[in-house]
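One structure is given below, encoded as structure tokens.
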Amino acid sequence: MTKETCLIVHAAGRQLDLLRGEAFRIAKENKSGWWTDRADVGTRFCFEDAKAKDAFAITCDGFGIRCNDS
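Under our numbering, the residue at position 8 of the sequence shown is numbered 8, and the numbers go up by one with no gaps.
Printed below as a string of structure tokens:
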């Protein structure tokens with residue numbers, strides 16, 4: 001998998017739990033996999049599909065949670 005399909009999210013606690021649920025839902029809708037890793041600052045959410053990554057970025061924006069490409 002390439003890093004091009006990863007986002008670093010700046011969230012913790014309940015926000016992070018919420019985003020994990022959203023990542024699961026988005027990946028399932030796009031019939032792709034996803035995973036998380038720790039990053040230097042925040043959590044890296046990676047998707048096997050670029051469309052899923054884009055949808056996740058929109059979701060983060062909708063919740064007012066900062067994210068950026070890794």
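Cβ atoms here follow ideal geometry from the backbone N, Cα and C, with glycine treated the same way.
Exercise. With 16 other CB atoms within 10 Å as the buried threshold, where does residue 51 fall?
Worked result: exposed
For this session: Find out if the Cβ-Cβ distance for the pair residue 56, residue 8 is shorter than 7 Å.
Result: Their beta carbons are not under 7 Å apart, which means residue 56 does not touch residue 8 by this criterion.
Exercise. So what does DSSP say about residue 26, is it helix, strand or coil?
Worked result: helix
For this session: Put residue 37 into one of helix, strand or coil per three-state DSSP.
Result: strand
For this session: Identify whether residue 49 lies in helix, strand or coil by the three-state DSSP scheme.
Result: coil
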